[in-house]
Amino acid sequence: MVKVAICDNKLILAAQTEALIFDICKIRGIPVEVDVFHDDGMLRKEIRRGTKYDLLYLGCRTETEQGVEAAKQIRAIDNNVLIIYMSACDKQIVKLFRLNIFAFIRKPVEQRLFYEIFLEANQKICENNFYFTFHFKYEEYKLPCKEILYFESMGKKIKVNLQNGEEEIFVGKLSDVEDKLSDGKIPFLRIHQSYLVNYYLIKSRTKTGITLVNGLKLPISTERQKKFAFGYSRLLGC
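Numbering (numbering that gives the first Met the number 0), first residue to last: 0 to 237.
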């Protein structure tokens, strides 16, 4: 799921941007969620509340120093969100790129270019580190999903096995972990009642088992073989 925010003080332009996003996501089968703001102050308030956006289209007051200041304040809150500026004026473009914006789109927006930039942004989002978070003994932990080999159920606890050989443990159910990761950027596949595996770190497979990139072999339970084979083939594009 790509989480997108649009901030434009012109309602019609914000609606047009939202429509373009939904169109390209429908064409490419990309799950997306969009929030629209007509004031950058409300956007900053939402980000401060803890909402994490993958992609931000910022189109309000970009021709002035106020537009640059809005980007500075957003960057101070969230240094990871990809920002795409949309404006009829490129007067502040040098200052904007110093704030590590992803792209600049000149208004009026050309549909083909908009689609191209969105797909490039989506690709980058998929390549970035995304985190699995959990609580244990009153502390909150976060682990990069791309570094997790697999989750292992051990009774009422879950063991997280990492590529570097380290392990983390927390209280929970593997089914809840599976649900939490189901719309994430890194796909995890359930191969057994006890194992949830990072698709990208599977080196090879047979009908009854997989081998991970570190050489570890894990079994695929009989009742999950068909569903795993379908999910694996779909991710391969077969």
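Backbone N, C-alpha and C fix where the C-beta goes; we use that ideal spot for every residue, glycine too.
query, result
"Can you give me the start and stop residues for the beta strand (DSSP E) that residue 199 sits inside?", "Counting along the chain, residue 199 falls outside any beta strand (DSSP E), and DSSP gives it neither H nor E."
"Quickly, what does DSSP pair residue 32 with across the bridge? List them, please.", "2"
"Checking the sheet assignment: what are the DSSP bridge partners for residue 208?", "218"
"From the DSSP secondary-structure annotation, give me the bridge partner or partners of residue 159.", "150, 167"
"Are residue 29 and residue 121 closer than 8 Å when you measure CB to CB?", "yes"
"Judging by CA-CA distance, which residue of 55, 232, 140 is the nearest neighbour of residue 37?", "55"
"Of the choices 159, 106, 152, whose alpha-carbon is the least far from that of residue 130?", "159"
"I'd like to know whether the C-beta atoms of residue 53 and residue 108 end up nearer to each other than 8 Å.", "no"
"When you compare the segment 73-88 with the segment 19-35, are there three or more beta-carbon pairs, one atom per stretch, that lie closer than 8 Å?", "no"
"On the DSSP letters alone, give me the boundaries of the beta strand (DSSP E) that residue 229 sits inside.", "Not the beta strand (DSSP E): residue 229 falls in the alpha helix (DSSP H), residues 224-235."
"Whether or not the segment 164-183 and the segment 197-210 are in contact is what I'm after, with contact meaning three or more pairs of Cβ atoms, one per stretch, closer than 8 Å; do they touch?", "no"
"Where residue 189 and residue 80 are concerned, what is the direct C-alpha to C-alpha distance, given to the nearest angstrom?", "30 Å"
"Would you call residue 180 buried or exposed, if buried means 16 or more other Cβ atoms sit within 10 Å of its Cβ?", "buried"
"Would you list the residues sitting across from residue 141 in a DSSP beta bridge?", "132"
"At 4 residues or longer, and completely inside the segment 77-127: list those alpha helix (DSSP H) runs for me, N to C.", "92-97, 110-126"
"Ignore the nearest five residues each way along the sequence and tell me which others in residue 61's own chain have a CB closer than 6 Å to its CB.", "Low local confidence applies: a pLDDT of 47 at residue 61 is under 50, so the model's placement there is unreliable, and no value is given."
"Between 135, 161, 146, which has its C-alpha nearest residue 170's C-alpha?", "135"
"Leaving out the 5 sequence neighbours to the left and right, which residues in its chain are closer than 8 Å to residue 216 when beta-carbon positions are compared?", "208, 209, 210"
"Have a look at 40, 151, 70 and flag the residue whose alpha-carbon is nearest the alpha-carbon of residue 99.", "70"
"Do you know how far the Cα of residue 221 is from the Cα of residue 4?", "43 Å"
"One question on the structure: do residue 23 and residue 114 come within less than 8 Å of each other, judged by their Cβ atoms?", "yes"
"Among 67, 75, 26, whose alpha-carbon lies nearest the alpha-carbon of residue 44?", "75"
"Under a three-way DSSP split, which group does residue 48 fall into?", "coil"
"Just tell me which of 163, 132, 68 has its CA closest to the CA of residue 157.", "132"
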